[in-house]
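**Q** Following this message is one structure expressed as structure tokens.
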Amino acid sequence: MTDTTVDGAQGAKPGFLTTAALQKAVAFVVLVALLGFFSLFAPNFATGSNMVGIMQATAVNGVLGVAVTFVIISGGIDLSVGTMMTLTAVVAGIVLTNLGMPLPLGILAAIAAGAFMGAVSGFTIAELKIPPFIATLGMMQIARGLALVFSEAKPIYFNDTPSYQLLSPVSSISAIFPSIEIPNGVMIMFVVAILSSIVLTRTIVGRMIFALGSNEEAARLSGIKVNRWKILTYAICGGISGIAGLIVSSRLNSAQPALGLGYELDAIAAVVIGGTSLSGGRGTVTGTIIGAFIMSVLTNGLRVMGVQEEWKIVVTGVIIIVAVFIDIFLRKKS
Amino acid sequence: MSVQTRILPTRFGGASKGTAKRVDAGKGGKTVAQAAKAAGQSVVELRGIEKSFPGVRALQDVGFDLRAGEVHALMGENGAGKSTLMKIMTGVYQPDAGEILVDGKAVTLRDPQAAQALGISIIHQELFLMNHLSAAQNIFIGREPRRGFGIFVDEAKLKRDAAAIFRRMKVDIDPAAEVGAMTVARQQLVEIAKALSYDARVLVMDEPTSALNETEVEHLFAVIEDLKAHGVGIVYITHKMDEVKRIADRVTVMRDGQYIDTLPAASTPMSTIIQLMVGRELADQHRATGHGTTEEVLRVTGLNRGKAIRNVSLSLHRGEILGIAGLMGAGRTEVARAIFGADPIDSGEIHIHGKACRIGSPADAVARGIAYLSEDRKHFGLVTGMSVRDNVTMASWGRFMQGGFMQDAALGKVAEEYVRKLKVKTPHIHQETRLLSGGNQQKVVISKWLLRDCDILIFDEPTRGIDVGAKAEIYRLLEELAAQGKAVIVISSELPEVLRLSHRIAVMCEGRITGELDGRTATQEDIMTLATQRANAA
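From first to last, the protein sequence lines stand for chains F and D.
Note that the numbering used here numbers the first sequence so that position 323 is 325, with each residue one more than the last.
Note that the numbering used here numbers the second sequence so that position 434 is 669, with each residue one more than the last.
Pasting the structure below:
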């Protein structure tokens, strides 16, 4: 296309960073700055074991963040990812511990349960026209309730399935490279993020999700079966929440049915900090992962510095507002 | 570059199956037989179309036909049924009765996709594009070329195909550019390219020039001519008479949901068309006769804001209508917004009734009696979900409070009064304003500011999207306002409108005022000369 001239004055200028990319860059700089700050001022922060701890702490929020990134780019929201994670962990517990099935079936059951429940959310949103906020608020409670019902409100332990440890705390990679002790849960997060990023940017599914979030009516008038893609988006979100459920329960070696509430807000915060627009049509998985790291570095760093734990929550709140302000500021400028 | 020889998904765009001859004919000269076939035959025909919505009979036994290679203008006042008819032709609505024939065969268009499959596309007035996606991605949304087991989008092919269509349209758009960052004119071209990618033989354009400047309109017309030459039939919905004369072959007029007549565009006088549209004769377009008083109510000196407003000075008198003319993007709206305090200014002074004042926000402006009536009534002028009464009174609610309670009876009384005075057509004052026509919505907004005692009224495109009959009424209303001693500024892209209304005309170009004309003697040519002065020089 050498002879196709660039859309001059009015068009987006290729070669310049887009707003989303710019914001991602800002988030990355913030992350590096935080790492630098804590390395300088917090003793014992920049140690190998602490870094592993940070990564470990990021895994669950990172995966949930990726899950909710799909939905937010499509112009929706999912408040149920936290309790969905718990429900899928309970399902894994039932399949593995109560029914004594092999590990792969447990993994499959957890992801399938999440995807199914996500599809149900998607159905109520797409077909019954219930606003996503309300529909997933309902699903949040349904998932929480079901997790308690199925588990009879008691933790389910995975003592009979020692290989369950493989999903999070074990570091398989250190068997090959002994110096790299990255736990499997973190590796799973990175794999999920990379695959999700490819799906969102390169595949037809991703294109549809961006189209939905950018202008749903335009997508509909273009002959796209909007409802079907919307249901799929929520199903993907639910399925990935299932992966988070596996990671968290593997790390705790148990499915804790009371867990999960509040995780959705951290996940949404990671997405927003990463530069994904809550109004849809714009966003990246990389941004979300960076956002999740910013949150756990803050938590960890403040703790290492001896700051009262609860301040972290306050700081996170401030960061969310600042992140959205930067988003608005950058868009105004462009 | 392989674009010229590649197989494209568009008849217009290249040599797709079975259409090679047609394209060649378009590039070279057509054979007589092909030309006759292309120009004569009805591609789409509508017969006896009926459509009712709850409480409204929108279409009554309407017929319409479109030939290949013609531009068929569809005219009528707002509410005449043009849009409904076109929505039926493009599969958005289903008719209650009647037939749709494509190439002489009766068809059912279950949804827009069914219509698109038959080559019938519509370009809506509000463009339906996905702003965050690129031009190419928008064009092929839902039909992306794929690779890798049909999962991955073949971005390279996507861009190539889009580039080929743009090339055929002779437009210069980068397929990879994000649509949201383009001008409306370019977005429209992307929509046209999208329609063409569906192998469009029928293209419905709903007021395509309403947001374009003169150059962009010329460009669009060139694209339309080109489409015609390739045998595409175009339905052109518009309110602008001169455009019909320029590009249409035939005109069909609708009124009150009924088919009135189809006439040749070239030989039918404008007055006949207008007469058919409104069902009554309108007085000849006359010119502003009076002039304002010598009492200066508003003086703006040395106004600057970035590149949008450069050293603008204006004065406005009691009883005067000042027209601000200029091409789209000349800075007319920006000046109005600056005076109204909606945008911050870099420098400049504003005097109201001889007193210097700082207007930092629209609230300041309103407190000093300035009202700005935006062209986009639905976004900035009206709360469409609220009643006529509440809209008329909302800027003055403070006056109707007693002990913290709204005095509903008083509100109703004053709303009734304005509805009567301005002849707002509404069944009652409790009607939601979204259900009113454009002209009546405009009157509601005017009422609101009159009730607020505003005596400087700035109208930005006061008749955009308003039909011919209601336009005349709005004009009369503006003249009355001036006669009553209000000071009025009218910003308009339609030169006849500026000339019709203005006592004095300020012409802008690239943020500057390039000249001032006497409204009684100025001509369209005078205005255009000033409006393009700077552009020509540069």
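Glycine included, every Cβ here is placed at the ideal spot set by N, Cα and C.
Give the interface partners of F:Ala61 over in chain D, defined as CB-CB distance under 8 Å, in chain order.
**A** Start at 1 with the first residue of the first sequence, and residue 61 of chain F comes out as number 59. In chain order: nothing, as chain D lies at least about 27 Å away.
**Q** By alpha-carbon positions, which one of D:Glu334, D:Val601, D:Arg655 ends up nearest to D:Ser631?
**A** Here residue 631 of chain D corresponds to residue number 396 of the second sequence, with the count starting at 1. For the residues D:Glu334, D:Val601, D:Arg655, the minimum Cα distance to D:Ser631 belongs to D:Val601.
**Q** Mapping DSSP to helix, strand and coil, what is D:Ser287?
**A** Stepping through the second sequence from its first residue, residue 287 of chain D is reached at position 52. Looking at D:Ser287 - three-state DSSP - the assignment turns out to be strand.
**Q** For D:Phe387, count neighbouring C-beta atoms within 10 Å of its own C-beta (all shown protein chains included) and say buried if the count is 16 or more, exposed if not.
**A** Working through the second sequence from its first residue, we reach residue 387 of chain D at position 152. D:Phe387 should be labelled buried.
**Q** Please determine, among D:Met636, D:His738, D:Ile459, the residue with the shortest C-alpha to C-alpha distance to D:Asp753.
**A** Numbered from its first residue, the second sequence carries residue 753 of chain D at position 518. Of the candidates D:Met636, D:His738, D:Ile459, the one whose C-alpha sits nearest the C-alpha of D:Asp753 is D:His738.
**Q** Enumerate, from N- to C-terminal direction, the unbroken beta strand (DSSP E) stretches of 3 or more residues contained entirely within the stretch 296-331 of chain D.
**A** Whole beta strand (DSSP E) segments, 3+ residues: 306-310.
**Q** Take D:Glu555 as the anchor and find which of D:Pro499, D:Asp690, D:Glu285, D:Lys678 has the nearest alpha-carbon.
**A** Start at 1 with the first residue of the second sequence, and residue 555 of chain D comes out as number 320. Among D:Pro499, D:Asp690, D:Glu285, D:Lys678, the Cα nearest to that of D:Glu555 is on D:Asp690.
**Q** Near D:Leu364, which residues of its chain fall below 6 Å by C-beta distance, leaving aside the five closest residues on each side in sequence?
**A** Looking up residue 364 of chain D in the second sequence gives position 129. Within the same chain, D:Leu364 has close Cβ partners Asn373, Val414, Gln422.
**Q** Pick out whichever of D:Thr568, D:Gly674, D:Ala718, D:Leu685 has its Cα sitting closest to the Cα of D:Arg699.
**A** By one-based count along the second sequence, residue 699 of chain D stands at place 464. D:Arg699 has its Cα closest to that of D:Gly674, out of D:Thr568, D:Gly674, D:Ala718, D:Leu685.
**Q** Leaving out the 5 sequence neighbours to the left and right, which residues in its chain are closer than 7 Å to F:Ser279 when beta-carbon positions are compared?
**A** For this step, residue 279 of chain F is matched to residue 277 along the first sequence. Taken in chain order, the residues that qualify are Gly285, Asp329.
**Q** Establish whether the CB of F:Leu105 and some CB of chain D are separated by less than 8 Å.
**A** Within the first sequence, numbered from 1, the residue matching residue 105 of chain F stands at position 103. Cβ-Cβ to chain D under 8 Å: no for F:Leu105.
**Q** Distance check for F:Ala69 and F:Ala269, CA to CA, integer angstroms please.
**A** On the first sequence, residue 269 of chain F is found 267 positions in, with the first residue counted as 1. On the first sequence, residue 69 of chain F is found 67 positions in, with the first residue counted as 1. Rounded to whole angstroms, F:Ala269 to F:Ala69 spans 9 Å at the Cα level.
**Q** Can you find a C-beta in chain D that's less than 8 Å from the C-beta of F:Ile206?
**A** Position 204 of the first sequence, counted from the first residue, corresponds to residue 206 of chain F. With 8 Å as the cut-off, F:Ile206 counts as an interface residue toward chain D.
**Q** Return the CA-CA distance between F:Gly241 and D:Arg395, expressed in angstroms with no decimal places.
**A** Indexing the first sequence from 1 puts residue 241 of chain F at position 239. Indexing the second sequence from 1 puts residue 395 of chain D at position 160. So the two alpha carbons sit approximately 36 Å from each other.
**Q** Report yes if the C-beta of D:Asp396 is less than 7 Å from at least one heavy atom of the ligand HEM; otherwise report no.
**A** The ligand HEM is not among the ligands present in this structure, which contains no ligands whatsoever.
**Q** With contact counted as at least three CB pairs below 8 Å, one residue from each stretch, are the stretch 740-759 of chain D and the stretch 578-586 of chain D in contact?
**A** Counting Cβ pairs under 8 Å, fewer than three are found: no touch.
**Q** Determine the DSSP secondary structure at F:Val316, reduced to helix, strand or coil.
**A** Taking the first sequence and counting its residues from 1, the one referred to as residue 316 of chain F is at position 314. Reduced to three states, the DSSP call for F:Val316 is helix.
**Q** Excluding five sequence neighbours on each side, which residues of the same chain lie with their C-beta closer than 6 Å to the C-beta of D:Gly326?
**A** Counting from 1 along the second sequence, the entry for residue 326 of chain D is found at position 91. So the qualifying residues of the chain are Leu344, Asp346, Pro347, Ala349, Ala350.
**Q** Going by Cα to Cα distance, which pick from D:Asp389, D:Glu696, D:Ser445 is closest to D:Ile724?
**A** Locating residue 724 of chain D in the second sequence gives position 489, where the first residue counts as 1. Of the listed residues, the one whose Cα sits closest to D:Ile724 is D:Glu696.
**Q** Using the beta-carbon count (16 or more within 10 Å), is D:Glu453 buried or exposed?
**A** As a position in the second sequence, residue 453 of chain D is number 218, starting the count at 1. It counts as exposed.
**Q** Quick one, which of D:Leu368, D:Gly339, D:Lys475 has its alpha-carbon nearest D:Lys706's?
**A** What you label residue 706 of chain D is simply residue 471 of the second sequence in a count that begins at 1. Among D:Leu368, D:Gly339, D:Lys475, the Cα nearest to that of D:Lys706 belongs to D:Lys475.
**Q** For D:Ala606, write down the residues that DSSP places opposite it in a beta bridge.
**A** For the purposes of this step, residue 606 of chain D is taken as the residue at position 371 of the second sequence. Looking at the DSSP assignment, D:Ala606 forms a beta bridge with D:Leu692.
**Q** Please classify D:Asp441 as buried or exposed, where buried requires at least 16 neighbouring CB atoms within 10 angstroms.
**A** For this step, residue 441 of chain D is matched to residue 206 along the second sequence. The residue in question, D:Asp441, is buried, as its Cβ has 16 or more Cβ neighbours within 10 Å.
**Q** Is D:Asn366 close to chain F, meaning its C-beta is less than 8 Å from at least one C-beta of that chain?
**A** Here residue 366 of chain D refers to the residue found at position 131 of the second sequence. With 8 Å as the cut-off, D:Asn366 counts as an interface residue toward chain F.
**Q** What does D:Phe384 touch in chain F if you count any residue whose Cβ is under 8 Å from its own?
**A** Locating residue 384 of chain D in the second sequence gives position 149, where the first residue counts as 1. Ordered by position in chain F, no residue passes the 8 Å Cβ test against D:Phe384, which lies about 10 Å from the chain.
**Q** CB D:Ser596 to CB D:Gly564, shorter than 8 Å?
**A** One-based indexing of the second sequence puts residue 596 of chain D at position 361. One-based indexing of the second sequence puts residue 564 of chain D at position 329. Not a contact, by the Cβ cut-off of 8 Å.
**Q** By how many angstroms is the C-alpha of D:Leu686 removed from the C-alpha of D:Gly633?
**A** Residue numbering aside, residue 633 of chain D sits at position 398 when the second sequence is read from its first letter. Residue numbering aside, residue 686 of chain D sits at position 451 when the second sequence is read from its first letter. Between D:Gly633 and D:Leu686, the C-alpha separation is close to 12 Å.
**Q** Can you have a look at D:Val279 and say buried or exposed, based on whether 16 or more other CB atoms are within 10 angstroms of its CB?
**A** Counted from its first residue, the second sequence places residue 279 of chain D at position 44. Buried: at least 16 other Cβ atoms inside 10 Å.
**Q** Please compile the residues from chain F whose C-beta is within a distance smaller than 8 Å of the C-beta of D:Pro347.
**A** Mapped onto the second sequence, residue 347 of chain D falls at position 112. Under the 8 Å cutoff, chain F gives Leu223, Gly225.
**Q** Assign D:Arg593 to one of three DSSP states: helix, strand, or coil.
**A** The count along the second sequence starts at 1 and reaches residue 593 of chain D at position 358. Residue state, collapsed to three classes: coil.
**Q** Starting from the Cα of F:Ala195, find the closest Cα among F:Leu267, F:Ala220, F:Gly289 and give me that residue.
**A** Counting from 1 along the first sequence, the entry for residue 195 of chain F is found at position 193. It is F:Gly289.
**Q** What's the gap between the Cα of D:Asp519 and the Cα of D:Ile726?
**A** As a working mapping, residue 519 of chain D is identified with position 284 in the second sequence. As a working mapping, residue 726 of chain D is identified with position 491 in the second sequence. Only weak support is given to the placement of D:Asp519: the predicted model assigns it a pLDDT of 45, under 50, and the question is left unresolved by the model.
**Q** Residue range of the alpha helix (DSSP H) that F:Ser252 falls in?
**A** Residue 252 of chain F sits at position 250 when you count from the first residue of the first sequence. Element bounds for F:Ser252: 228-254.
**Q** Under a three-way DSSP split, which group does F:Ser123 fall into?
**A** Residue 123 of chain F sits at position 121 when you count from the first residue of the first sequence. F:Ser123: helix per DSSP, three-state reduction.
**Q** So for D:Met621, helix, strand or coil by DSSP?
**A** Here residue 621 of chain D is taken as the residue at index 386 of the second sequence, counted from 1. Looking at D:Met621 - three-state DSSP - the assignment turns out to be coil, as it is neither helix nor strand.
**Q** Pick from D:Arg567, D:Met512, D:Val659: whose alpha carbon is nearest that of D:Asn539?
**A** The residue given as residue 539 of chain D occupies position 304 in the second sequence. When only C-alpha atoms are compared, the closest one is D:Arg567.
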